[in-house]
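K.L.:
Counting in this note's numbering, the sequence shown runs from -2 upward without gaps.
Glycine is no exception: its CB is placed at the ideal position from the N, C-alpha and C atoms.
All values reported here derive from a predicted model rather than from experimental measurement.
Please read through the structure below; I'll follow up with questions.
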Amino acid sequence: MFNAAHDKLARVDYWLNTLQVRAKGSSIVLVGTHGDDKRCTKSFVKALLESLRAKYARKFPEIVHLTVISNRTNKGVRELIEILAETALKKKLAGQTVPANYVLLSKRIDQVKQELEREERPPILTWDEFKHLALEFNIDDTEDSMVRAVGFQHQTGQVVYLGDPLERANLAQ
């Protein structure tokens, strides 16, 4: 989300880069707020969205939609909800049952992240530490099961996983 009535869109760059690292491959819906501001005329909004599309389309092909809504009048909110629902249903995890142990593992990773933050340490797990946590929740100690478990955590934005066995030394949370 960004303030469509504001000139400074540097935060858009920051968040898109963050999403690209933390949730690579996730669909992105870029939403401008303050669509009811007097500066947000139809022509201004159209030019803004075209400008953003031109600026980000190549670097962030995950952007599936750009829109502007009004926080005050809710104009565009119903359409945004429809866009989000359609986008979610297109993802391969939508409609699938998530194993309970994956959800429990996710919560445990959150706890570990908080512990590391309290200790002022970077939120990084080694591959062995991840495996140890996964084993706590009865995830099979096989390469395939561990890769599926970390893949799910990556797809949901819980960890950053590069997918290469040689890169498994560390996982950022």
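I'd like the list of long-range same chain contacts for Phe57, defined as Cβ closer than 7 Å, with 5 residues on each side in sequence excluded.
P.N.:
By 1-based counting over the sequence shown, the position of residue 57 is 60. Around Phe57: Leu13, Gln17, Ile25.
K.L.:
Buried or exposed for Tyr11, going by 16 or more other Cβ atoms inside 10 Å?
P.N.:
In the sequence shown, counting from the first residue as 1, residue 11 sits at position 14. Tyr11 comes out exposed.
K.L.:
Would Gly32 pass as a contact of Val9 if the rule is Cβ separation under 8 Å?
P.N.:
As a position in the sequence shown, residue 32 is number 35, starting the count at 1. As a position in the sequence shown, residue 9 is number 12, starting the count at 1. No, the pair does not count as a contact, with Cβ atoms beyond the cut-off.
K.L.:
What are the complete beta strand (DSSP E) segments, minimum 3 residues, inside the segment 21 to 64?
P.N.:
If we require 3 residues or more, the beta strand (DSSP E) runs fully inside the segment 21 to 64 come out as 25 to 30.
K.L.:
Is the Cβ-Cβ distance between Leu63 and Leu6 less than 8 Å?
P.N.:
By 1-based counting over the sequence shown, the position of residue 63 is 66. By 1-based counting over the sequence shown, the position of residue 6 is 9. No, Cβ-Cβ distance for Leu63 and Leu6 is not below 8 Å.
K.L.:
Taking 8 Å as the threshold, find out whether the segment 74 to 90 comes into contact with the segment 40 to 58 through three or more Cβ pairs.
P.N.:
Counting Cβ pairs under 8 Å, fewer than three are found: no touch.
K.L.:
Can you name the residues that DSSP bridges to Phe(-1)?
P.N.:
Start at 1 with the first residue of the sequence shown, and residue -1 comes out as number 2. Beta-bridge pairing links Phe(-1) to Gly29.
K.L.:
Is the CB-CB distance between Leu101 and Phe149 below 8 Å?
P.N.:
Residue 101 sits at position 104 when you count from the first residue of the sequence shown. Residue 149 sits at position 152 when you count from the first residue of the sequence shown. No.
K.L.:
Tell me the rounded alpha-carbon separation between Cys37 and Glu76.
P.N.:
Here residue 37 is taken as the residue at index 40 of the sequence shown, counted from 1. Here residue 76 is taken as the residue at index 79 of the sequence shown, counted from 1. Those two C-alpha atoms are separated by around 18 Å.
K.L.:
In angstroms with no decimal places, state the Cα-to-Cα distance between Asn68 and Met(-2).
P.N.:
On the sequence shown, position 71 is the one that residue 68 refers to. On the sequence shown, position 1 is the one that residue -2 refers to. Going from the Cα of Asn68 to the Cα of Met(-2) covers about 12 Å.
K.L.:
Quick one, which of Leu49, Ile121, Gln111 has its alpha-carbon nearest Arg19's?
P.N.:
Taking the sequence shown and counting its residues from 1, one reaches residue 19 at position 22. Residue Ile121 is the option with its Cα nearest to Arg19.
K.L.:
When we look at the beta-carbon of Thr123 and count the other beta-carbons within 10 Å, is it buried (16 or more) or exposed?
P.N.:
The residue you call residue 123 lines up with position 126 of the sequence shown. Label assigned to Thr123: exposed.
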